[in-house]
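Chemist: Letter by letter, the sequence shown follows residues 1 to 299 of the numbering used here.
Even glycine gets a Cβ: it sits at the ideal position worked out from N, Cα and C.
Computed from a prediction, not measured in an experiment: that's the story for all the values here.
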Amino acid sequence: MSKQNTVFKEGYNRFLRLLRQGTLLQSEAELAGLLSISRTTVRAILKNMVEAGLVENGKQGRRVLRKPNSKDYFPDAQTDSLAEIIERSFMKRILAGGAQPGMHINELELARDIGVGTSSVREFLIRFSRFGLIEKRKNSHWVLKGFTREFALELFEIREIFELRSAVAFAKLPDDHPARAKLDGLELEHQTLLREIDTRYTEFSELDERFHRLIHSASHNRFVDDFYDIIAIVFHYHYQWNKLHAQQRNTRALEEHLAYIDALRSRDPAMVNKACRAHLKSARETLLQSIMTKDSQPD
Numbered sequence: 001m002s003k004q005n006t007v008f009k010e011g012y013n014r015f016l017r018l019l020r021q022g023t024l025l026q027s028e029a030e031l032a033g034l035l036s037i038s039r040t041t042v043r044a045i046l047k048n049m050v051e052a053g054l055v056e057n058g059k060q061g062r063r064v065l066r067k068p069n070s071k072d073y074f075p076d077a078q079t080d081s082l083a084e085i086i087e088r089s090f091m092k093r094i095l096a097g098g099a100q101p102g103m104h105i106n107e108l109e110l111a112r113d114i115g116v117g118t119s120s121v122r123e124f125l126i127r128f129s130r131f132g133l134i135e136k137r138k139n140s141h142w143v144l145k146g147f148t149r150e151f152a153l154e155l156f157e158i159r160e161i162f163e164l165r166s167a168v169a170f171a172k173l174p175d176d177h178p179a180r181a182k183l184d185g186l187e188l189e190h191q192t193l194l195r196e197i198d199t200r201y202t203e204f205s206e207l208d209e210r211f212h213r214l215i216h217s218a219s220h221n222r223f224v225d226d227f228y229d230i231i232a233i234v235f236h237y238h239y240q241w242n243k244l245h246a247q248q249r250n251t252r253a254l255e256e257h258l259a260y261i262d263a264l265r266s267r268d269p270a271m272v273n274k275a276c277r278a279h280l281k282s283a284r285e286t287l288l289q290s291i292m293t294k295d296s297q298p299d
């Protein structure tokens, strides 16, 4: 898939999430900023949405004709980057195996299952191994060392340091910064998901990952960006380990995110610090509970 097609399809899917809110009155320039894409891509998306019967261009301007359904979205496999595809396949494999220490991973089998070259898979595994979660063995084999409580606590300590710093940096961004437009879009997605939480609560982890990644991007620190990849993987997938009370837990997290967004808009360092710490405290409890639940499950 070409990079242009990937950008178009990713933008199209993000636009669909905005349509669920019923909001489409922005100009092409505003939509481009909100979705972090070019106006040319916005026009192409709008053209396709008109053809799909989602949007109408009338004399009074554009309006939403219907809310999108699951068939309107491009599949993940068509919108994810190669690195994201490998990451998702890798995590699905180890979760299917119970994510137990000592589990073997064969890079040749993984590459064949995904349909990519072994060099791409090896590059991902080498990068992932730097954090001590997997270890290289002979003949293209790797061993999972495990998501232990000790690992989680060490990881969370670093996450807290990075996110508190990044949140303060985000609050200082000017009003016209693209990240603030993205925050507006994420707020709409949070509000919609919260209203439809009864049927869509399993979608929270993906939204959570995008929200925190946006905050970390404000640090403009290559080391923070690089380390956040491992943070995102662990915190995104741990939601799949513990499904107990998932709806209530995700509802609480959505509410904490919205309070966090209000604090970021306030530019008040004390409010930002309070909202950030409150949410991180809940996230830490959830992660540790997930690990304990996973460890207590029978092999």
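Considering Cα atoms alone, identify which of ARG252, PRO68, ASP72 and LYS9 is closest to VAL42.
Modeler: Ranking ARG252, PRO68, ASP72 and LYS9 by Cα distance to VAL42 puts LYS9 first.
Chemist: Can you tell which of THR199, ALA246, ALA167 and ARG195 has its C-alpha closest to the C-alpha of PHE211?
Modeler: Here the closest residue by C-alpha is ALA167.
Chemist: In chain order, what residues of the same chain have a beta carbon less than 8 Å from the beta carbon of LYS3, not counting five sequence neighbours either side?
Modeler: For LYS3, the predicted model reports a pLDDT of 41, less than 50, meaning its position is unreliable; a value from the coordinates is still stated below. So the list is empty, once near-sequence residues are dropped.
Chemist: Considering only residues of the same chain and omitting the five flanking positions on each side of PHE131, which have a CB-CB separation below 6 Å?
Modeler: Correct list, in chain order: ILE230.
Chemist: Would you kindly work out how many angstroms separate the C-alpha atoms of LEU110 and PRO101, rounded to a whole number?
Modeler: Looking at the two C-alpha atoms, the distance is approximately 18 Å.
Chemist: Where does ILE197 fall in DSSP's three states?
Modeler: ILE197: helix per DSSP, three-state reduction.
Chemist: I need the DSSP call for GLY61, collapsed to helix, strand or coil.
Modeler: GLY61 falls in the strand class under three-state DSSP.
Chemist: Between which two residues does the alpha helix (DSSP H) harbouring HIS104 extend?
Modeler: Segment 104–106 is the beta strand (DSSP E) holding HIS104; no alpha helix (DSSP H) there.
Chemist: Going by other Cβ atoms of all chains shown within 10 Å of its Cβ, with 16 needed for buried, is PRO68 buried or exposed?
Modeler: The residue is buried, with at least 16 neighbouring Cβ atoms inside 10 Å.
Chemist: Using the Cα positions of PHE227 and LEU35, report the straight-line distance between them to the nearest angstrom.
Modeler: When rounded, the distance between both Cα atoms is 25 Å.
Chemist: Run the CB neighbour count on THR286, radius 10 Å, all protein chains shown included, and call it buried at 16 or more, exposed below.
Modeler: Per the 10 Å Cβ criterion, buried.
Chemist: Could you check if SER219 is buried or exposed, using at least 16 other CB atoms within 10 Å of its CB as the buried criterion?
Modeler: SER219 comes out buried.
Chemist: Helix or strand or just coil, what does DSSP make of HIS141?
Modeler: Looking at HIS141 - three-state DSSP - the assignment turns out to be strand.
Chemist: State whether the stretch 247–260 contacts the stretch 196–204, with contact taken as three or more CB pairs (one from each stretch) at a distance under 8 Å.
Modeler: Yes, the stretch 247–260 is in contact with the stretch 196–204.
Chemist: Which of the three DSSP states is assigned to LYS3 in this structure?
Modeler: With a pLDDT of 41 at LYS3, under the threshold of 50, the modelled position of that residue is not reliable, and the figure given next carries that caveat. Reduced to three states, the DSSP call for LYS3 is helix.
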